[in-house]
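Engineer: Numbering (the numbering used here), first residue to last: 21 to 453.
Note that beta-carbon positions come from the ideal geometry of N, C-alpha and C, so glycine has one too.
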Ligand code: GLC
């Protein structure tokens with residue numbers, strides 16, 4: 021009953037089963053606390069930006085706590101910005117001085133994070149920015165903070181990008197050899213020319229060769245699609261696709277990444293925080309389309325998760341504790357089952373169970389078209405309480421005061437309690453025959 025999906029070179033079996041991960045954006049921009057692109061947006065020179073390097077001192081950083089929050093939210097993997105566009109490295113890279121050990125933090129902050137998440141059974145993903153606004157041989161482009169500075173543009177012409185490329189290869193090697201098994205690599209990102217400045221893409225990064233290096237170091241690793249040379253996973257961001265994501269007409273393994281509030285890095289004044297219910301619905305919706313959700317936290321420069329993020333993670337965890345069965349191992353429902361209004365279907369092919377997520381609680385009945393003869397038993401997932409059902413045709417019209425429109429020979433009709441069960445999104449588990 022499964023869907024035909026493009027094969028991946030890396031191991032995607034765990035990925036499509038686990039469905040839900042934590043993105044972490046943490047770096048010097050966390051001190052600016054106004055979006056991780058602030059260096060570029062405010063056209064800041066490296067000299068000005070150095071104030072953050074001087075002050076990076078995450079005295080409250082406790083990776084065990086981070087990992088526990090993610091695990092309790094039901095997340096099964098994490099992807100962390102080992103280096104973002106600013107060029108700052110969280111680990112003790114031998115190839116640069118621009119790293120956490122040389123700040124007041126005085127230590128590698130990546131390694132204990134990997135250990136903490138791994139010890140709780142979460143898989144490890146590294147985000148690595150292809151873009152680098154600090155490296156002395158990274159050339160000007162439309163994203164660069166100093167793109168409008170004539171002096172910098174002139175100086176940039178004397179830079180040798182191949183030196184940067186070697187650095188990118190060297191750091192990739194460090195990350196993929198120094199931290200044990202890395203399950204996912206998220207390179208970010210390629211972009212076209214703009215305003216007379218050349219963009220950067222696969223030839224600049226040495227994409228094909230880089231992929232060979234990555235695969236030789238970690239044969240099972242899942243590679244994202246932003247190097248411009250294909251990749252295992254397609255990664256739309258801050259966007260909910262309308263259906264299973266396709267590339268060249270074929271269904272692919274995909275993951276959409278989202279923020280809680282619009283900014284990836286910690287943003288003190290951002291107010292557009294999504295609610296717990298909205299986030300749960302996003303997760304369900306994505307799984308109902310055969311995808312993964314990677315939800316982002318931008319920790320503060322003191323090393324804590326924003327209290328608003330903690331609130332959301334706990335809320336999601338509360339729902340996941342009773343409902344994760346409708347997420348893990350689940351995918352889009354076979355097309356012969358029709359999804360009723362205000363609902364989402366997910367399906368577990370291993371257990372042959374269907375999950376009906378009710379986004380808007382109706383009055384008493386849900387009619388499931390295409391389900392007749394296929395359902396053996398139904399229950400509310402939250403408390404395993406039976407949901408009674410009726411099958412098949414009943415003459416419509418008002419007969420002896422009983423209006424029964426909505427049922428026909430293809431239909432299973434569920435009898436629901438009038439009151440919405442106490443869950444952000446109630447789920448009905450259908451045991452199929
Ligand atoms: C974008 C942004 C970046 C963020 C990433 C997450 O490419 O440049 O700030 O890290 O998306 O997908």
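Distance check for residue 108 and residue 321, CA to CA, integer angstroms please.
Structural biologist: Residue 321 and residue 108: Cα-Cα distance of roughly 14 angstroms.
Engineer: Within its chain, find whatever has a CB closer than 6 angstroms to the CB of residue 251; leave out the 5 residues flanking it on each side and keep chain order.
Structural biologist: For residue 251, where only same-chain residues beyond five positions count, the Cβ hits under 6 angstroms are 243, 244 and 245.
Engineer: Check each candidate in 377, 222 and 335 and name the one with the smallest Cα separation from residue 474.
Structural biologist: Past the edges of the chain, shown from 21 to 453, lies residue 474, and the structure says nothing about it.
Engineer: Counting along the chain, where does the alpha helix (DSSP H) carrying residue 166 start and finish?
Structural biologist: Taken as a continuous stretch (DSSP letters only), residue 166 belongs to no alpha helix (DSSP H), as it is neither H nor E.
Engineer: Using the Cα positions of residue 201 and residue 240, report the straight-line distance between them to the nearest angstrom.
Structural biologist: For residue 201 and residue 240, the distance between alpha carbons rounds to 9 angstroms.
Engineer: Could you tell me whether the region 47 to 54 touches the region 276 to 292, using the rule of 3 or more Cβ pairs below 8 angstroms?
Structural biologist: The region 47 to 54, when compared against the region 276 to 292, does touch it at the 8 angstroms Cβ threshold.
Engineer: Tell me, to the nearest whole angstrom, how far the beta carbon of residue 25 is from that of residue 272; I am working on the premise that it is less than 8 angstroms.
Structural biologist: 7 angstroms between Cβ atoms; contact.
Engineer: Would you tell me roughly how many angstroms separate the C-alpha atoms of residue 155 and residue 184, rounded to the nearest one?
Structural biologist: Going from the Cα of residue 155 to the Cα of residue 184 covers about 7 angstroms.
Engineer: Enumerate, from N- to C-terminal direction, the unbroken beta strand (DSSP E) stretches of 3 or more residues contained entirely within the region 259 to 337.
Structural biologist: Qualifying beta strand (DSSP E) stretches, in chain order: 275 to 279 and 312 to 317.
Engineer: Evaluate residue 223 with the Cβ neighbour count: other Cβ atoms within 10 Å of its Cβ, from every protein chain shown; 16 or more gives buried, anything less gives exposed.
Structural biologist: Residue 223 should be labelled exposed.
Engineer: Report back the beta-carbon spacing between residue 458 and residue 142 to the nearest angstrom; my notes put them in contact at under 8 angstroms.
Structural biologist: Outside the shown range of the chain (21 to 453) lies residue 458, about which nothing can therefore be said.
Engineer: Find out if the Cβ-Cβ distance for the pair residue 347, residue 39 is shorter than 8 angstroms.
Structural biologist: Yes, they are a contact pair.
Engineer: If distances are taken between C-alpha atoms only, which option among 397, 274, 46 and 137 comes closest to residue 309?
Structural biologist: Ranking the options by Cα distance to residue 309, first place goes to 274.
Engineer: In the DSSP output, which residue or residues are listed as bridge partners for residue 208?
Structural biologist: DSSP lists 149 as partners of residue 208.
Engineer: Go to residue 231, then tell me how far its beta strand (DSSP E) extends in each direction, as first and last residue.
Structural biologist: Element bounds for residue 231: not the beta strand (DSSP E) but the alpha helix (DSSP H), 227 to 237.
Engineer: Could you round the C-beta distance between residue 78 and residue 129 to whole angstroms and report it? I think they count as a contact, below 8 angstroms.
Structural biologist: Contact holds; Cβ gap of about 7 angstroms.
Engineer: Select from 163, 326 and 340 the residue whose C-alpha is nearest the C-alpha of residue 290.
Structural biologist: Nearest of 163, 326 and 340 to residue 290, Cα basis: 326.
Engineer: In chain order, what are the residue ranges of uninterrupted beta strand (DSSP E) at least 3 long that sit wholly in the region 337 to 401?
Structural biologist: With a minimum length of 3 residues, the continuous beta strand (DSSP E) runs that stay inside the region 337 to 401 are 363 to 368, 373 to 378, 385 to 389 and 395 to 400.
Engineer: Quick check: residue 378 and residue 448, are their CB atoms within less than 8 angstroms of each other?
Structural biologist: Going by C-beta atoms, residue 378 is nearer than 8 angstroms to residue 448.
Engineer: Beta carbon of residue 56: closer than 7 angstroms to some heavy atom of the ligand GLC?
Structural biologist: It does: the Cβ of residue 56 is within 7 angstroms (strictly closer) of some heavy atom of the ligand GLC.
Engineer: Kindly indicate which residue of 266, 193 and 152 has the alpha-carbon position closest to the one of residue 231.
Structural biologist: Comparing Cα positions, the closest option is 193.
Engineer: Give the single residue among 212, 165, 225 and 198 whose Cα lies nearest to the Cα of residue 186.
Structural biologist: The shortest Cα separation from residue 186 among 212, 165, 225 and 198 belongs to 225.
Engineer: Does the region 385 to 394 come close enough to the region 423 to 433 to have 3 or more Cβ pairs within less than 8 angstroms?
Structural biologist: Yes: the two stretches touch, three or more of their Cβ pairs being nearer than 8 angstroms.
Engineer: Excluding the five sequence neighbours on either side, which residues of its own chain have a C-beta within less than 7 angstroms of the C-beta of residue 125, listed in chain order?
Structural biologist: If we look at residue 125 and ignore the five residues flanking it on each side, its Cβ neighbours are 76, 77 and 78.
Engineer: If you drop the 5 nearest sequence neighbours on each side, which residues of the same chain put their C-beta closer than 8 angstroms to that of residue 409?
Structural biologist: Excluding positions up to five away in sequence, the list reads 395, 398, 432, 433, 434 and 435.
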